[in-house]
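Below is one structure, written out as structure tokens; the observations come after it.
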Amino acid sequence: MSEIKDKVQEMISAPSCCAELKAAGQAWLDAVGTDKEASATTTLLAEIEEDVGTIDGLIAFAGSEMGAKVFGAEGAANMLAHAKEVKANGGLYCDCAACTAALEVKELLK
Numbered sequence: 015m016s017e018i019k020d021k022v023q024e025m026i027s028a029p030s031c032c033a034e035l036k037a038a039g040q041a042w043l044d045a046v047g048t049d050k051e052a053s054a055t056t057t058l059l060a061e062i063e064e065d066v067g068t069i070d071g072l073i074a075f076a077g078s079e080m081g082a083k084v085f086g087a088e089g090a091a092n093m094l095a096h097a098k099e100v101k102a103n104g105g106l107y108c109d110c111a112a113c114t115a116a117l118e119v120k121e122l123l124k
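With the working numbering, the residue at position 103 of the sequence shown is 117, and numbering never jumps.
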């Protein structure tokens with residue numbers, strides 16, 4: 015259980031973790047060992063499914079006007095190049111710290 019808790023903490027501590035996933039992760043940590051753990055696990059897994067980005071989604075976002083607004087023109091170009099490299103190497107999902115940890119949490123909770 016400590017491995018899962020550590021991975022959830024890593025996920026919610028990542029700067030790229032969205033507010034909803036952060037909240038679901040913290041709620042799960044708070045529920046561990048209580049009668050709310052099963053429900054919190056279901057909620058956390060659903061939030062992971064909703065929030066982990068696909069590599070194609072990241073490519074589309076980084077290449078968009080909104081991506082340029084969020085990351086800045088140079089940042090978006092760098093993100094786009096990185097995402098294309100991840101895809102070329104067989105990656106299916108965003109490889110930011112939050113998404114990577116979330117996918118590991120998902121596997122550990124199965």
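Note that the Cβ used here is the ideal one computed from N, Cα and C, for glycine as well. Here the structure is a predicted model, which is why all the values come from computation and not from measurement.
Mind reading off the beta-carbon distance from Glu24 to Asp65? Whole number of angstroms is fine, and I expect it under 8 Å.
Translated into the one-based positions of the sequence shown, residue 24 becomes position 10. Translated into the one-based positions of the sequence shown, residue 65 becomes position 51. Incorrect: roughly 15 Å between the Cβ atoms, too far for contact.
Leu58 lies in the alpha helix (DSSP H); which residues open and close that run?
In the sequence shown, the residue the question calls residue 58 occupies position 44. From DSSP, the alpha helix (DSSP H) with Leu58 extends over Glu51 to Asp65.
According to the neighbour-count rule (16 or more other Cβ atoms, all chains shown, within 10 Å of its Cβ), is Glu63 buried or exposed?
The residue given as residue 63 occupies position 49 in the sequence shown. That one is exposed.
So Gly104 is in the alpha helix (DSSP H); what residue range does that whole segment cover?
Here residue 104 is taken as the residue at index 90 of the sequence shown, counted from 1. Per DSSP, Gly104 belongs to no alpha helix (DSSP H) and is neither H nor E.
Buried or exposed, going by whether 16 or more other CB atoms sit within 10 Å of the CB of Lys124?
Walking along the sequence shown from the start, residue 124 turns up at place 110. It is exposed - the Cβ of Lys124 has fewer than 16 other Cβ atoms within 10 Å.
Taking the alpha helix (DSSP H) that Cys113 falls in, what are its first and last residues?
Position 99 of the sequence shown holds residue 113. Run containing Cys113: Ala111 to Leu123, per the alpha helix (DSSP H) assignment.
By the DSSP assignment, the alpha helix (DSSP H) with Ser27 in it spans what residues?
As a position in the sequence shown, residue 27 is number 13, starting the count at 1. Looking at the DSSP string, the run of the alpha helix (DSSP H) that includes Ser27 is Ser16 to Ser27.
In whole angstroms, what separates the C-alpha of Asp49 from that of Thr57?
Locating residue 49 in the sequence shown gives position 35, where the first residue counts as 1. Locating residue 57 in the sequence shown gives position 43, where the first residue counts as 1. Each residue's alpha carbon lies about 14 Å from the other.
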